[in-house]
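Each residue of the sequence shown is one higher than the one before, starting from 1 at the first, in our numbering.
Ideal Cβ placement from N, Cα and C applies to all residues, glycine included.
Quick caveat, the model's predicted, so the values are computed rather than measured.
What follows is a single structure, written as C-alpha cells, with notes after it.
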Amino acid sequence: MVQVSQEINFTLIDEVFSIQKVYALKMRQSTAIERIALLKRLQKWINTNKEDIRKAIYADFKKPYPEIDISEIFVVNSELKHAIKNVESWMKPRKVSTPITMLGSNSYIHYEPKGVCLIISPWNYPFNLALGPLVSALAAGCTAIIKPSELTPHTSALIRRLVEETFDTEQVAVFEGEVEVAQKLLSKPFDHIFFTGSPSVGKIIMKAAAENLSSVTLELGGKSPAIVDRDADIKDAAEKIVWGKFVNCGQTCIAPDYLFIQRSIQPQLMEAIKIQIKKMYDPSGKGIESSKDYARIVNNKHLKRIKHLLADAESKGALVYTGGYVDESENFFEPTVLTNLTEQMEIMQEEIFGPILPVLTFDEINETIAYINSKPKPLALYAFTKNKDTIQQLFKGTSSGGAVANDCVLHFLQNELPFGGVNNSGLGKAHGHFGFLAFSNQKAVLKQRIGFTASKPLYPPYGITSKKIIESLLKWF
Ligand code: NAD
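Right, dumping it as C-alpha cells:
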C-alpha cells in the first residue's frame, strides 16, 4: 500500500516538475504587479486561516499560541509585507558605471528569476521556515516545490492545503513525506535548492545538488555561544537568555546553545537565570509541566536524544544546577542548566537543540574567542556587556553567521539584515532583499555600440599601434 502511494507521488513529482519548468518561463516575464498579487494571495490565506495555523502547530508539539503568533505567523507576515513593499525596487535593473576602457558601452545587472526551486524545510518552526523562503521565491519570480518536514504532519498538511487553495500547481506545489520523497525531489535538476536543516543533511543536499549543478542556500545549525562579561546587566541578560534559550522548548537554530560567564559574576547570573525560568514558566508554583507557555519536544526520538545528552554529561561529572525533570509520556523536558562541563561530554560536541543550557566560565574575553575559533563557525553569537570595545573584540575576533549585542535571537526578525550561517552553519543568505537575491540570477548585461569600439584597435594582427595601446593599458589602467 505504502509503495503504491509512493509510486504515485514519484510520478507526480516528475509531472509537477515538468509543468513548473514550462511555467517558470512565463514567470520569468512576470511584472512586479503580478508578483505582488501572488504575495497578497498568500497573505490573505494566512490572515483568514490564523486559527487553523495555530491548531496545526499546537497539535504537532503543543507550541503555545502566543509563540505561534509571534514566531510563525508574524514572522511570515512581516516577510510578506516587506517583500510587497520592496519587490518593485528589488526587480529594477541596477546600472553600473562604465570604466574608460569600455567607453561607448553601458552595463547593468538584471535580476532574473532562477526558475524552478525546491524548498526543503525542518520541523522546529514548521510554518515560518517553509513559507518564509516561499515569499522570497515568489518575489524573485520563481516557481517552487515545498517539501515540509515529516515530523510535524499537522503543519505539513496545513501547508499543503494553503498551497492548494492559493496557487496553481504549476506555480507552487507541496510534496509531503519522508526522506525518500526528498531524495526523489533532489534527483531533479532544480534551478535552486533552499534547504533549512541540520549540517549533516546539508552535506547530503549539497552533494545531490552538485549532480545537477543546482545552486544552493543552506540554512544550517550548530552551537551558538552566548558570552556574558563582568560588566553586563545581570537581570537584563538573564531575562533575554532564558527567553532565547527556552522559547520553542530550546528547539531553535539560533538559540544560545551554551553560555560563557565571566567567573566573578557566575553565581549572581545563574541565580538570576533560575529566578527568570520560574518567573516565565512557573509563576503559580504548580510546576513547569503545567505551564501553557512552554512547548514540548517534537517527538519521543528527540526527547530520548536530549535525555541521552544529559545522562552522558552527568555520567562524566556535569552537575544539574536547575531542572532535569523529564516526563516521557508528555515529551516534556524541563528547562535545565548544567555546570561542571568538559569537552569529553557529547553535549559540548553536538548541537543540543533542546532545553539544556551548559554553562562554562572564563576569566578574560580572549579565552572565549580562542574557544569559539577552535570550533566550527556558529550560526549566531551573542555578547552581553556594556563595553563597546569588548563587543568589537568578540565580533571581529570570531566568525559567525550573525552577531547580536545585548540580546539574542532577534536578528532573525530584522528584515534588512541577511540571515544565514557561514561554512558549517550555512551557505548563502535569506530574508528580505537577501532572500530575493538567493532566488535570482544576477545577470550581467553589457550593451555595446555598433561600429567603432574601444576594444577594436586591440584585435589581431597585433601591429605597432595595438602593442602601444596594450602597453599604455598595462601602465595606466
Ligand atoms: P533535518 O536536517 O533532519 O531535516 C530537514 C529536512 O530535510 C526535512 O524536511 C527532512 O525530511 C529532510 N531530510 C532529512 N534527511 C534527509 C536526507 N537524507 N535526504 C534528503 N532530505 C532529508 O533537520 P531537522 O531535524 O528537521 O531540523 C533541525 C536542524 O535544522 C537543526 O540542526 C537546526 O539548527 C537546523 N535549523 C536551521 C535553521 C536556520 O535557519 N539556519 C532554522 C531551523 C533549523
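Please find out if some non-hydrogen atom of the ligand NAD comes closer than 7 angstroms to the beta-carbon of E219. Against the sequence shown, residue 219 aligns to sequence position 219. At least one heavy atom of the ligand NAD is nearer than 7 angstroms to the Cβ of E219, so yes.
Where does the unbroken beta strand (DSSP E) through K278 begin, and where does it stop? By 1-based counting over the sequence shown, the position of residue 278 is 278. Per DSSP, K278 lies in no beta strand (DSSP E); the unbroken alpha helix (DSSP H) holding it starts and ends at Q266 to Y281.
Bounding residues of the alpha helix (DSSP H) (the contiguous stretch that carries S89): By one-based count along the sequence shown, residue 89 stands at place 89. Its alpha helix (DSSP H) spans residues V75 to M91.
Does T361 come out as helix, strand or coil in the three-state DSSP assignment? For the purposes of this step, residue 361 is taken as residue 361 along the sequence shown, with counting starting at 1. DSSP places T361 in strand when its eight states are reduced to three.
Decide if the stretch 132-150 is in contact with the stretch 27-39; the criterion is three or more beta carbon pairs, one per stretch, under 8 angstroms apart. Yes: the two stretches touch, three or more of their Cβ pairs being nearer than 8 angstroms.
Confirm, please, whether the CB-CB distance from E416 to G432 is below 8 angstroms. Numbered from its first residue, the sequence shown carries residue 432 at position 432. Numbered from its first residue, the sequence shown carries residue 416 at position 416. Yes, they are a contact pair.
Completely contained beta strand (DSSP E) runs for the stretch 115-203, where each covers 3 or more residues: Qualifying beta strand (DSSP E) stretches, in chain order: 116-120, 143-147, 172-174 and 192-196.
Flag this pair as yes or no: are the beta carbons of L129 and Y258 separated by less than 8 angstroms? Working through the sequence shown from its first residue, we reach residue 129 at position 129. Working through the sequence shown from its first residue, we reach residue 258 at position 258. No, the pair does not count as a contact, with Cβ atoms beyond the cut-off.
In chain order, which beta strand (DSSP E) runs of at least 3 residues are fully inside the stretch 325-381? Segments of the beta strand (DSSP E) lying fully in the stretch 325-381: 336-339 and 356-362.
Could you give the DSSP three-state label for H110: helix, strand or coil? In the sequence shown, the residue the question calls residue 110 occupies position 110. In the three-state reduction of the DSSP assignment, H110 falls in the strand class, which pools E and B.
Run the CB neighbour count on R54, radius 10 Å, all protein chains shown included, and call it buried at 16 or more, exposed below. What you label residue 54 is simply residue 54 of the sequence shown in a count that begins at 1. R54 comes out buried.
Is I227 helix, strand or coil when you go by DSSP? On the sequence shown, position 227 is the one that residue 227 refers to. In this structure, I227 counts as strand in the three-state DSSP scheme.
Is V2 helix, strand or coil when you go by DSSP? Taking the sequence shown and counting its residues from 1, one reaches residue 2 at position 2. Any reading at V2 must be qualified, since the residue scores a pLDDT of 34, below 50, and its modelled position is unreliable; no value is offered.
Extent of the continuous alpha helix (DSSP H) run through L94: What you label residue 94 is simply residue 94 of the sequence shown in a count that begins at 1. Before going further, note that residue 94 is Arg rather than Leu in the sequence given. No alpha helix (DSSP H) contains R94, which is instead part of the beta strand (DSSP E) from R94 to V96.
With 16 other CB atoms within 10 Å as the buried threshold, where does H308 fall? Here residue 308 corresponds to residue number 308 of the sequence shown, with the count starting at 1. Burial call: exposed.
Of all the options E351, D293, A380 and P335, which has the alpha carbon lying nearest to the alpha carbon of I68? The sequence position of residue 68 within the sequence shown is 68, counting from 1. Among E351, D293, A380 and P335, the Cα nearest to that of I68 belongs to D293.
Pick helix, strand or coil for G435, following the three-state DSSP scheme. As a position in the sequence shown, residue 435 is number 435, starting the count at 1. In this structure, DSSP gives G435 a helical state, which the three-state scheme calls helix.
At which residues does the alpha helix (DSSP H) containing N300 begin and terminate? By 1-based counting over the sequence shown, the position of residue 300 is 300. That run of the alpha helix (DSSP H) goes N300 to S315.
So, for V242: in the same chain, excluding its five sequence neighbours on each side, which residues have a beta-carbon less than 8 angstroms away from its beta-carbon? Translated into positions along the sequence shown, residue 242 becomes position 242. Excluding positions up to five away in sequence, the list reads I273, Q276, I277, M280 and P335.
Contact check, K443 vs E112, beta carbons under 8 angstroms: For the purposes of this step, residue 443 is taken as the residue at position 443 of the sequence shown. For the purposes of this step, residue 112 is taken as the residue at position 112 of the sequence shown. Closer than 8 angstroms, so yes.
Contact check, V135 vs Q20, beta carbons under 8 angstroms: Taking the sequence shown and counting its residues from 1, one reaches residue 135 at position 135. Taking the sequence shown and counting its residues from 1, one reaches residue 20 at position 20. No, the pair does not count as a contact, with Cβ atoms beyond the cut-off.
Provide the residue(s) that pair with A403 in DSSP beta bridges, ordered along the chain. Looking up residue 403 in the sequence shown gives position 403. In DSSP, A403 forms a bridge with L381.
Got a sec: does the ligand NAD put a non-hydrogen atom nearer than 7 angstroms to the Cβ of W476? Locating residue 476 in the sequence shown gives position 476, counting from the first residue. Checking the Cβ of W476 against the ligand NAD gives no.
Starting from N47, trace the alpha helix (DSSP H) both ways and give me its first and last residue. By 1-based counting over the sequence shown, the position of residue 47 is 47. Segment A32 to T48, the alpha helix (DSSP H) holding N47.
Tell me where the beta strand (DSSP E) around V422 begins and ends. Position 422 of the sequence shown, counted from the start, is the residue given in the question as residue 422. Here V422 belongs to no beta strand (DSSP E), and DSSP marks it neither H nor E.
Would you call the stretch 189-201 and the stretch 116-125 touching, i.e. three or more CB-CB distances under 8 angstroms? At 8 angstroms Cβ cutoff, the stretches touch.
Report whether the distance from the Cβ of P376 to the nearest heavy atom of the ligand NAD is below 7 angstroms. Your numbering for residue 376 matches position 376 in the sequence shown. Incorrect: P376 has no Cβ contact closer than 7 angstroms to the ligand NAD.
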